[in-house]
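Report on one structure; see the data block that follows.
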Amino acid sequence: MQRAHAIYNYYVTHTTVSFHTIELSIEEMQQTVLNGNTRYKAYALEAGGLIIGYALLTPHKNKQA
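Heads up: take any position in the sequence shown, counting from 1, add 124, and you land on the working numbering.
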C-alpha cells in the first residue's frame, strides 16, 4: 500500500492527471483501494519484487480539480 500511495501522490504533486490537488493520506489511499466493493478491483504491476505501478477500477467520484 505504501508504494501505491507514493506513486499516486507523486502524480498529485507533479501533474494534473489525478484531478486531486492535495496529496492523499495513507488512510485515504487505503479507503480508495480497499473499498470493500468486489465489483471494483485493484491491480499491481511488479518487477524485481517492487511495485512499479498499479491500476484501480472505481466508481466516479468528485475530486478537487
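Built from N, CA and C at the ideal position, the CB exists for glycine as well.
Span of the alpha helix (DSSP H) holding glutamate 152?
Taken as a continuous stretch (DSSP letters only), the alpha helix (DSSP H) holding glutamate 152 covers 150-157.
Roughly how many angstroms lie between the CA atoms of threonine 182 and histidine 144, to the nearest whole one?
Looking at the two C-alpha atoms, the distance is approximately 15 angstroms.
Coarse secondary structure for isoleucine 146, derived from DSSP in three states:
Isoleucine 146: coil per DSSP, three-state reduction.
Going by DSSP in three states, tyrosine 81 sits in which element: helix, strand or coil?
Here the chain has residues from 125 to 189 only, and residue 81 is not among them.
Inter-residue Cα distance where the pair is methionine 125 and alanine 166:
In this model, methionine 125 and alanine 166 are separated by some 11 angstroms (Cα to Cα).
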